[in-house]
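Once you know that position 243 of the sequence shown is 243 in my numbering, the rest is easy, because the numbers rise by one and skip nothing.
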Amino acid sequence: MEFIRTRIETQLMSLTGLSLGNLDLENPKGDPGLFGPESVSWQVHGDFSSMLIGGISALMLQALHPLALAGVWDHSNFREDMLGRLRRTSQFISGTTFGSRKDADWLIEKVRTIHLQVVGTAPDGRPYAASDPDLLTWVHVAEVSNFLAAHLRYRNPHLSLADQDRYYAEIAVIAERLGARDVPHSRKEMAEYLERIRPQLLCDDRSREVLRLLLNAPSPSRMAKPFGGLMMQAGIDLLPDWASDMLGVNQNPLQRQLIRASVKRSAPMLRWAMRNGSVQRAKRRMGLLT
1 MEFIRTRIET QLMSLTGLSL GNLDLENPKG DPGLFGPESV SWQVHGDFSS MLIGGISALM
61 LQALHPLALA GVWDHSNFRE DMLGRLRRTS QFISGTTFGS RKDADWLIEK VRTIHLQVVG
121 TAPDGRPYAA SDPDLLTWVH VAEVSNFLAA HLRYRNPHLS LADQDRYYAE IAVIAERLGA
181 RDVPHSRKEM AEYLERIRPQ LLCDDRSREV LRLLLNAPSP SRMAKPFGGL MMQAGIDLLP
241 DWASDMLGVN QNPLQRQLIR ASVKRSAPML RWAMRNGSVQ RAKRRMGLLT
């Protein structure tokens with residue numbers, strides 16, 4: 001049983017930013033980082049399965065914004081290394097959520113510096129810049145709205161409305177420090193933002209290519225391949241209906257029911273296996289785990 005547990009955890013860890021080896025989330029002792037263990041952000045970001053599903057869904061949603069997609073398309077090797085992009089994104093999220101204050105500051109400054117180099121012209125002739133405050137807000141909203149949606153569906157459907165608002169208010173700090181503006185701080189503001197931005201979204205050949213690459217992303221092992229396929233389908237299921245319609249990835253009610261049941265069956269085993277994830281390491285830093 002111990003061998004199985006370790007094997008599963010090794011496979012899971014290979015998908016995360018921790019596999020890049022740049023962060024020590026267990027030190028310095030007692031440093032709460034930007035949020036601390038009492039935050040809602042630690043709750044929402046602490047579950048591997050729901051975060052992976054939310055992250056996949058966020059990438060699909062982000063691909064509907066032509067300017068945001070142009071920056072990634074022109075300045076990233078995601079088409080050759082989708083897994084690497086997922087790991088780098090995971091490192092930023094886990095480091096800013098669970099890392100020490102110093103590590104969180106380092107990651108934010110690193111990304112700000114990278115963004116300054118990402119400029120160009122989209123296929124429709126419009127200029128883009130990754131440091132554009134409005135684009136930063138869009139990327140943030142696509143991520144955190146899906147993280148919370150996945151958490152509510154697969155981890156804690158009873159998270160109070162007040163705590164859901166608190167999550168958005170807490171995590172907005174990251175986007176604002178990156179340079180975003182008018183970042184939603186509540187469920188109401190999030191819904192209003194998504195309604196406002198929909199006319200700017202578009203599904204084109206590039207959007208469909210991102211979807212294809214995601215659905216065909218390589219697994220770290222043959223054992224992980226069925227799990228990866230399930231996570232991809234769960235990510236599609238998590239999308240708002242209007243986004244599913246735009247991407248042409250509609251699922252019927254029976255498919256959705258089977259996907260959700262399968263995730264809920266597999267998630268407890270993954271939680272059992274994961275002993276050295278970001279939240280566990282951060283809790284050891286805070287003296288909450290041995």
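Note that CB positions come from ideal geometry on N, CA and C, so glycine has one too.
Quick caveat, the model's predicted, so the values are computed rather than measured.
key: Asp-3 classed as buried or exposed, judged by whether at least 16 other C-beta atoms fall within 10 angstroms   = Reading the sequence as shown, one finds Phe at residue 3 and not Asp. When all chains shown are included, Phe-3 counts as exposed.
ask   = How long is the line joining the alpha carbons of Ala-261 and Arg-155, rounded to whole angstroms?
value = 13 Å
ask   = In chain order, what residues of the same chain lie with their CB nearer than 7 Å to the CB of Leu-34, ignoring the 5 residues before and after it?
value = Answer for Leu-34: Thr-96, Arg-101, Ala-104, Val-173, listed in chain order.
Chain-order list of residues whose beta-carbon lies under 6 Å from that of Gly-291 (same chain, five-residue window excluded) = Nothing in the structure corresponds to residue 291, since the chain is present only between 1 and 290.
query = When the Cβ atoms of the stretch 67 to 85 are set against those of the stretch 178 to 197, are three or more pairs found closer than 8 Å?
reply = For the pair of segments examined, the stretch 67 to 85 was found not to touch the stretch 178 to 197: the number of CB pairs separated by less than 8 Å stays below three.
inquiry  = Leu-135 and Leu-67 - do their beta-carbons sit closer together than 7 Å?
reply    = Result yes, Cβ atoms of Leu-67 and Leu-135 sit closer than 7 Å.
request  = Assuming Ser-57 contacts Leu-238 (C-beta within less than 8 Å), just tell me the rounded distance between them.
outcome  = Contact flag correct, Cβ pair sits at about 4 Å.
ask   = If Leu-23 sits next to Ala-273, beta carbons under 8 Å apart, how far is it from one beta carbon to the other, in whole angstroms?
value = Actually they are not in contact, since the Cβ atoms of Leu-23 and Ala-273 sit about 21 Å apart, beyond 8 Å.
key: Cβ neighbour criterion (16 or more within 10 Å) applied to Trp-42   = buried
message = Using the three-state DSSP reduction, which class does Ala-122 fall into: helix, strand or coil?
response = The three-state secondary structure of Ala-122, taken from DSSP, is coil.
key: Coarse secondary structure for Ala-129, derived from DSSP in three states   = strand
message = Quick check on DSSP: helix, strand or coil for Asp-105?
response = In this structure, Asp-105 counts as helix in the three-state DSSP scheme.
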